[in-house]
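Chains as they are written, first to last, in this note's numbering: chain A, 217 to 325; chain B, 77 to 228.
Built from N, CA and C at the ideal position, the CB exists for glycine as well.
Small disclaimer: the values here were computed from a predicted structure and weren't measured.
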Amino acid sequence: MTGISVEVVERGAWTVLTVHGPINSYTHNELQEKTMRHAGRVDMAVDLSGVSSMTSAGIGVLLAAVEDAAAAGKRFVVVAPSEVARLAIESTGFSDHFPTVPSLKELPA
Amino acid sequence: MPIAEAPALGAPIALAPRSKAVARIASGPGTFDEYDGFVRSLPFVTRREACALVVAGDEIVDNLLTHGEIGAAGVLVLVRKRRSGLTLAFFVDSHEEFSSFSSGLDRGDPTAARFDEREGRWHGLGLTMCRNIASRVRYRPGLRVDRVFLEF
Numbered sequence: 217m218t219g220i221s222v223e224v225v226e227r228g229a230w231t232v233l234t235v236h237g238p239i240n241s242y243t244h245n246e247l248q249e250k251t252m253r254h255a256g257r258v259d260m261a262v263d264l265s266g267v268s269s270m271t272s273a274g275i276g277v278l279l280a281a282v283e284d285a286a287a288a289g290k291r292f293v294v295v296a297p298s299e300v301a302r303l304a305i306e307s308t309g310f311s312d313h314f315p316t317v318p319s320l321k322e323l324p325a
Numbered sequence: 077m078p079i080a081e082a083p084a085l086g087a088p089i090a091l092a093p094r095s096k097a098v099a100r101i102a103s104g105p106g107t108f109d110e111y112d113g114f115v116r117s118l119p120f121v122t123r124r125e126a127c128a129l130v131v132a133g134d135e136i137v138d139n140l141l142t143h144g145e146i147g148a149a150g151v152l153v154l155v156r157k158r159r160s161g162l163t164l165a166f167f168v169d170s171h172e173e174f175s176s177f178s179s180g181l182d183r184g185d186p187t188a189a190r191f192d193e194r195e196g197r198w199h200g201l202g203l204t205m206c207r208n209i210a211s212r213v214r215y216r217p218g219l220r221v222d223r224v225f226l227e228f
């Protein structure tokens, strides 16, 4: 199976998680582990430009991270979602929960 | 077609573009890759349509796999494009859980996406996604084969 990779880097005030590959019930554990490690502790940006597909398993992970961030007064943004990631997010009806920027350069200070 | 309207002898015959494709996908580690590859290879769907087929179809595949509903025979996937729209269908060996889920939908059980605090996970999120992407989603249990139809 094609797995996912989740790279974590610091970029100014932000901790950026860059995800590559398909996010589904078989692959979401790595994303979950890394988001749980940082969500609510730092300002988190999740770069979804390399996501080839995303099911509700991945959406659930991101929603949890959004909730943790909001509860802790931290920021959460999605960066440059791929076409399928954008459609997956929009199709949940929860787009408003996912502030999005078109590139890492557009991250707020 | 009246013979008078038929192409002249020896003239090339313009065939309608192929607008239906079927694939059998095995249950296992490569199911998502196989399904996505199949959809993205279809010459008769646009990039936008392929995107919808991938997102909604992956959700169906994910649920079928998670609930153990894809048996040894794998899953048969059909994509058909007509003037009226696009149809995506899944056929799997019948499974009790599928029938139970389908009956719940027919009874009008609540299906709105909701977070279960006790289980720590979302319910109904995938169905919501499919319903928002497709114009119609139907689950049809059978004695031997269960079917899922999505129309776009």
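Query                                                                                                   : Result
Cβ distance (whole Å) where B/Phe228 is taken to contact B/Leu162 below 8 Å                             : 4 Å
Chain A contacts made by the segment 181-197 of chain B, where a contact means CB separation under 9 Å  : Ala189, Phe191, Gly196, Arg197
B/His171 versus A/Phe292: straight-line alpha-carbon distance, rounded                                  : 40 Å
Min CB distance B/Val131 to chain A below 8 Å                                                           : yes
Residues of the segment 283-310 of chain A with Cβ closer than 7 Å to any Cβ of chain B, in chain order : Glu299, Val300, Leu303, Ala304, Ser307, Thr308, Gly309
Residue-level contact to chain A via CB, B/Ile101, 8 Å cutoff                                           : no
C-beta contact flag for A/Leu264 and A/Ala296 at 8 Å                                                    : yes
Per DSSP, the bridge partner or partners of B/Pro119                                                    : Its beta-bridge partners do not exist; DSSP assigns none.
Alpha-carbon to alpha-carbon, B/Thr142 and A/Ser241                                                     : 7 Å
Cβ-Cβ distance between A/His244 and A/Val277 below 8 Å                                                  : yes
Partner residues on chain B for A/Ser272, Cβ-Cβ distance less than 7 Å                                  : Glu135, Trp198, Leu201, Gly202, Met205
For A/Ala286, the nearest candidate out of A/Phe314, A/Leu303, A/Arg227, A/Gly274 (CA to CA)            : A/Phe314
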